[in-house]
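So the protein lines, in turn, are chains A and B.
Counting from 4, one number per residue, gives the positions in the first sequence under my numbering.
Counting from 3, one number per residue, gives the positions in the second sequence under my numbering.
Even for Gly, the Cβ is constructed at its ideal location relative to N, Cα and C.
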Amino acid sequence: MQVPLIDLRNIRKTYGEDKVPVHALRKIDLAIKNNEYVSIMGPSGSGKSTLMNIIGCLDTPTEGQYFLEGEEVHTMNDNTLARIRNRKIGFVFQTFNLLPRASALHNVELPLIYSGLPADERKKRAEKALEQVKLGHRKDHNPNELSGGQRQRVAIARALVNRPSLLLADEPTGNLDSETGEEIMELFDILHKKGNTILMVTHEEHVANHAHRIINILDGNIAQDRGVVKK
Amino acid sequence: MITLLIKLKENIIIALKALKEHKMRSVLTTLGIIIGVLTVVSVASIISGLNEGFKDRLSFLGSNTLYIQKYPWMSHGDWYKYRNRPDISMQNYKYLVEHTDDENVIIAPSLSTRRELKFDGDKLTEVPINGVTKESEIVSNISIAEGRFFTNLEIDRRKNRIVIGNTIKEKLFENKEPLGKRVKINGKPFYVIGVMEKKGKFFGNDMDINVYIPIGSFFKNFGYHRSISIEAQVVEQAMFEATKEKLRYLMRFSRGLKPGTEDNFSINQQETIQQQYDSLTNGLYTAAIGIGTLALLVGGIGIMNIMLVSVTERQKEIGIRKAIGATNSIISFQFLVESVIICSLGGIIALILSYFVAIGISAATPFPASVPLWSVFMGLGFSWFIGIFFGLYPAHQAAKLDPIESLHYE
Ligand SMILES: Nc1ncnc2c1ncn2[C@@H]1O[C@H](COP(=O)(O)OP(=O)(O)O)[C@@H](O)[C@H]1O
Ligand SMILES: [Mg+2]
């Protein structure tokens, strides 16, 4: 049997344990295989972002085990985690999280800087990634000179530039109008076809339906986990 | 190694960008560094200028020459005691000459005064007139450019002959031939027999304004009742201390001093001045390093403070960088580089300023101040050290920020 890409066992996350504890995740067991395309849905405050951050190695669970490609994340040191965030995972945020005073190109180059690529190769790859999201002509613009959809595409280019196998997106279309959102989703579909594993959080049914599997979270628990019937 | 260099370059670019965004703040922050480095480098350049002038001046005195005089060069008060000493006389001089061997030590008397020098209606005031003997040519290092020095006969017969410095030739004779001309001092005529080689300026004093006349002529024209100075040049450096002791003994003996009593004369030498000078410059250095260190410390704390502000301001940026793979050490490196760059900026500004300080000092005083290369490195070294030392804590604070909290920071 193939080792799942993501394997969460009994994950619990509690904020503010000593005062008024907030149980963001109660007991999550979840396995995601390579090249799955998964949507996570659920009401606001149900724990979706918390789950994504744990999967993205940005946050640590209060309890439980997380195996990424069979290796337990808990046992890894800060440097290894940074390396995983750099190479294995591409993270797309709802609020884009671009460096405001850097050009689109520099933003996309950033992960490559941290993997130590020489400048010329870095530039080539970053330019290619920007062309992939159809922003080659805007590479010298700063984020404040770009529209919301363009910013999100820069963020996607940044998430993809280091060719990670896992793409995590927390409400990638949440701040975009539906037309722009649909463009982003087309991009995701292509990425999935190319072999990426995609995990995305969304509120919108039609966005979620791009995926092949939809997980519903309610109050820190997985309420439903179903496949999508494609027409 | 290569990736480290890439990261260093990126970090320098990041740091420069951050500095550009906060120009005023950066300059103000570096003020302490500027003052600190400026103090240390300026004092170093002043002292190196002093050293330059001083070395020249001292070489004039001759490192193997002893000066037997009524007053010590360096004294600690008690001037009254020295004033009551008997004058150094020509008898003392003659006694020393008779009881020493000129293969070991060359002895010359010397005395000087300032008088008006006239030629053909023109005049120069306050000209240093020196009374000399044949030996002075060696002991006082007199080189003749035109004409000749005195003969023994001229000295013995107390002739009114004169050897002049180059400046006298230029100013009084307007560079016309001075040899054989008659100048007047105190209304007495002196015949010019020689012109000295140009010596230049030392400590702002023109060394070519001096004139020399036979010592006997000096006494005859300007009076006998004055204390002379006896200059003794030791031929073998190795015999310096022994010769000094011998001269002391002869002086004491000729003056009939009883054993156990103090000398009633002083034997001066270059070293005395050197020692005094060294202790002065060391004092200056210590003060400069004290003030400099204090300013650098204040500057360093300023840097630390501004870097901590910068870490807070850029917490979101730190979160983003960590989220896409920056390690803790890269983040701390980034802030350390920024701190070092701010400090280097201060150091460079200080070095430029100290260059102008040196130019100013050279123009306003007779001391040839300059910025020595080692003080440039020292200034940069200090600023780097401060940058690293006071940047470590903020850099550490930045590195240990939680990625997810930082991402949510607004
Ligand atoms: N840093 C935090 N400190 C305290 N509580 C938090 C923190 N982050 C999230 N929470 C709480 O955890 C719960 C889940 O939050 P989140 O995962 O952001 O939900 P979602 O993304 O589904 O809207 C919420 O009740 C939220 O208030
Ligand atoms: Mg959320």
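Query: Chain B beta carbons: is any one of them nearer than 7 Å to that of A/Phe94?; Result: yes
Query: Please name the residues in the region 320-335 of chain B whose beta-carbon is closer than 8 Å to at least one beta-carbon of chain A, in chain order.; Result: Gly321, Ile322, Arg323, Lys324, Ala325, Ile326, Gly327, Ala328, Thr329, Asn330, Ser331, Ile332
Query: Return the CA-CA distance between B/Met309 and B/Ile388, expressed in angstroms with no decimal places.; Result: 13 Å
Query: According to DSSP, is B/Ile326 helix, strand or coil?; Result: coil
Query: Which stretch, first to last residue, makes up the beta strand (DSSP E) that contains B/Pro191?; Result: 190-198
Query: Any beta carbon from chain A within less than 7 Å of B/Glu12's own beta carbon?; Result: yes
Query: With a Cβ-Cβ cutoff of 7 Å, do B/Ala401 and A/Tyr117 count as a contact?; Result: no
Query: So, do the region 161-179 of chain A and the region 78-97 of chain A have three or more beta carbon pairs nearer to each other than 8 Å?; Result: yes
Query: Examine ligand 2 and report whether any of its heavy atoms sits within less than 6 Å of the Cβ of A/Ser52.; Result: yes
Query: Can you find a C-beta in chain A that's less than 7 Å from the C-beta of B/Ile406?; Result: yes
Query: Whose Cβ in chain A lies nearer than 9 Å to the Cβ of B/Lys19?; Result: Arg104, Ala105
Query: Alpha carbon to alpha carbon, how far is B/Lys96 from B/Tyr226? Give it in angstroms, no decimals.; Result: 16 Å
Query: In this structure, what does DSSP give as the bridge partners for A/Gly230?; Result: A/Arg216
Query: Quick one: what does DSSP say B/Glu264 is sitting in, helix, strand or coil?; Result: coil
Query: According to DSSP, is A/Ile187 part of a helix, a strand, or is it coil?; Result: helix
Query: Tell me the DSSP secondary structure of B/Leu259 in three-state form.; Result: coil
Query: Just to confirm before moving on: does the CB-CB distance between A/Ala160 and A/Phe99 stay below 7 Å?; Result: no
Query: Using a threshold of 7 Å, state whether the C-beta atoms of B/Ala352 and B/Ser47 are closer than that.; Result: no
Query: Buried or exposed for A/Asn13, please, with buried defined as at least 16 other CB atoms from any protein chain shown within 10 angstroms of its CB.; Result: exposed
Query: Can you check which of these residues, B/Ile269, B/Tyr251, B/Gln272, is closest to B/Gly262 by C-alpha distance?; Result: B/Tyr251
Query: Assign A/His26 to one of three DSSP states: helix, strand, or coil.; Result: strand
Query: If you reduce the DSSP assignment to three classes, tell me which class A/Asp10 lands in.; Result: strand
Query: Considering only the beta carbon of each residue, do B/Gly393 and B/Ser341 sit closer than 7 Å?; Result: yes
Query: Please state the DSSP three-state secondary structure of B/Thr67.; Result: strand
Query: Just reading off the alpha helix (DSSP H) that A/Ile3 is part of, what are its end residues?; Result: Outside the shown range of chain A (4 to 234) lies residue 3 of chain A, about which nothing can therefore be said.
Query: Using the three-state DSSP reduction, which class does A/Ser42 fall into: helix, strand or coil?; Result: strand
Query: Please decide whether A/Asp81 counts as near chain B, where near means a Cβ-Cβ distance under 7 Å.; Result: yes
Query: Near A/Asn38, what residues of its chain come up, given a Cβ to Cβ distance below 8 Å and the 5 sequence neighbours on each side ignored?; Result: His195, Gly198, Asn199, Thr200
Query: Give the secondary structure of A/Asp192 by DSSP, where H, G and I count as helix, E and B as strand, and everything else as coil.; Result: helix
Query: By DSSP, does B/Thr32 sit in helix, in strand, or in coil?; Result: helix
Query: Distance, Cα to Cα, B/Ile108 vs B/Gly34?; Result: 57 Å
Query: How big is the Cα-Cα spacing for B/Val43 and B/Glu54?; Result: 16 Å
Query: Tell me the DSSP secondary structure of B/Ser419 in three-state form.; Result: As displayed, chain B neither begins before 3 nor continues past 412, which places residue 419 of chain B out of reach and without an answer.
Query: Go ahead and label B/Ile303 buried or exposed: buried means 16 or more other beta carbons lie within 10 angstroms of its beta carbon, across all protein chains shown.; Result: exposed
Query: Around the C-beta of B/Phe384, are 16 or more other C-beta atoms found within 10 angstroms, so that it is buried, or is it exposed?; Result: buried
Query: Assuming B/Phe175 and B/Phe121 are in contact, meaning their beta carbons sit under 8 Å apart, how far apart are those beta carbons, in whole angstroms?; Result: 7 Å
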